[in-house]
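Visitor: Sharing a structure with you now.
Chains as they are written, first to last, in my numbering: chain A, 1 to 115; chain B, 116 to 225.
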């Protein structure tokens, strides 16, 4: 594809529910990143994939958050038992390789609202 | 850990020059990136400095001083479309991810 795509663009859920957010990176990009961004803040790192494996998940806030990238392309961020504090824009980015991780291409984000 | 500091807001006049500073503290350092984000949009990559000195890309330039843990983004010939948030981001010791600052909101007056 031409760029990074994310679905859905908006997700409204109730506290306690489970949500899945999808990211489709640029074709051929081996590195994939998830971030969370709150209003007026910079993107907050969550997890980084190199290929199929999570190379760095140090940013995941707790065990309710989990992400997968089973075939080294599309990734899904999964949030269990959502809380109101999880409301934010979830951004996905990809880079050509880990060596070029300083230049990331971002998707439009998924705005998650937990009621 | 890492920390980055940049001004929260800057205002400038159309056609002028503005400099956005960034200081950082990190346990390991590979380089400094700059990203632009318009309201409601996605961050877009502007520049990267791994070595000391000035990198120029059109109207935008970025500078790094590793010894001072300091960098800046210089925007020349400001246009109204440059109104956006600008983030500096350090590439940390693992070199596998970048950590973003809180951003500088640039407002441009006619």
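Even for Gly, the Cβ is constructed at its ideal location relative to N, Cα and C.
Who are residue 78 of chain A's beta bridge partners in DSSP?
Guide: A:20 and A:66
Visitor: Measuring only the C-alpha atoms, how far is residue 62 of chain A from residue 82 of chain A?
Guide: 11 Å
Visitor: Measure from the alpha carbon of residue 190 of chain B to the alpha carbon of each residue in B:207, B:170 and B:183, then state which is nearest.
Guide: Of the candidates B:207, B:170 and B:183, the one whose C-alpha sits nearest the C-alpha of residue 190 of chain B is B:170.
Visitor: The beta strand (DSSP E) with residue 135 of chain B in it runs from where to where?
Guide: Residues 133-140.
Visitor: Compare the C-beta of residue 139 of chain B with all C-beta atoms of chain A and state if any pair is closer than 7 Å.
Guide: no
Visitor: Could you please tell me which residues of the region 48-77 of chain A, in chain order, have their CB closer than 7 Å to any CB of chain B?
Guide: 48, 55 and 56
Visitor: What did DSSP end up calling residue 86 of chain A once you bin it into helix, strand or coil?
Guide: helix
Visitor: Any residues in the region 15-49 of chain A with a beta carbon nearer than 7 Å to a beta carbon of chain B? Which ones, in chain order?
Guide: 33, 41, 42, 43, 45 and 48
Visitor: Check distances from the C-beta atoms of the region 195-206 of chain B to those of chain A and list, in chain order, the residues that come in under 8 Å.
Guide: 202, 204 and 206
Visitor: Rank B:224, B:225, B:222 and B:217 by C-alpha distance to the C-alpha of residue 150 of chain B and give the top, closest one.
Guide: Distances from the alpha-carbon of residue 150 of chain B to those of B:224, B:225, B:222 and B:217 put B:217 closest.
Visitor: Where residue 2 of chain A and residue 32 of chain A are concerned, what is the direct C-alpha to C-alpha distance, given to the nearest angstrom?
Guide: 16 Å
Visitor: Taking residue 120 of chain B as part of the beta strand (DSSP E), name the residues at either end of that continuous run.
Guide: 118-120
Visitor: With 16 other CB atoms within 10 Å as the buried threshold, where does residue 205 of chain B fall?
Guide: buried
Visitor: Counting Cβ pairs, one atom from each stretch, are 3 or more of them under 8 Å apart for the region 175-194 of chain B and the region 80-94 of chain A?
Guide: Taking a cut-off of 8 Å on C-beta distances, the region 175-194 of chain B does not touch the region 80-94 of chain A, as fewer than three cross pairs fall below it.
Visitor: Against residue 185 of chain B, what residues of chain A qualify as contacts under a CB-to-CB distance less than 8 Å, listed in chain order?
Guide: None at all; the shortest Cβ gap to chain A is about 18 Å.
Visitor: Tell me whether residue 197 of chain B sits in a helix, a strand or coil according to DSSP, three-state version.
Guide: In the structure shown, residue 197 of chain B falls within a helical segment according to DSSP collapsed to helix, strand and coil.
Visitor: Distance check for residue 103 of chain A and residue 96 of chain A, CA to CA, integer angstroms please.
Guide: 8 Å
Visitor: So what does DSSP say about residue 99 of chain A, is it helix, strand or coil?
Guide: helix
Visitor: Is the Cβ of residue 102 of chain A closer than 7 Å to any Cβ of chain B?
Guide: yes
Visitor: Do residue 146 of chain B and residue 164 of chain B come within 7 Å of each other at the CB atom, strictly closer than that value?
Guide: Judged by their CB atoms, residue 164 of chain B and residue 146 of chain B are nearer to each other than the 7 Å cut-off.
Visitor: Between residue 93 of chain A and residue 78 of chain A, which are expected to be in contact by the criterion C-beta below 8 Å, what is the C-beta distance as a whole number of angstroms?
Guide: At roughly 18 Å, the Cβ-Cβ gap does not stay under 8 Å, so residue 93 of chain A and residue 78 of chain A are not in contact.
Visitor: So, residue 42 of chain A versus residue 160 of chain B, is the Cβ gap smaller than 7 Å?
Guide: In this structure, residue 160 of chain B does not lie closer than 7 Å to residue 42 of chain A by Cβ.
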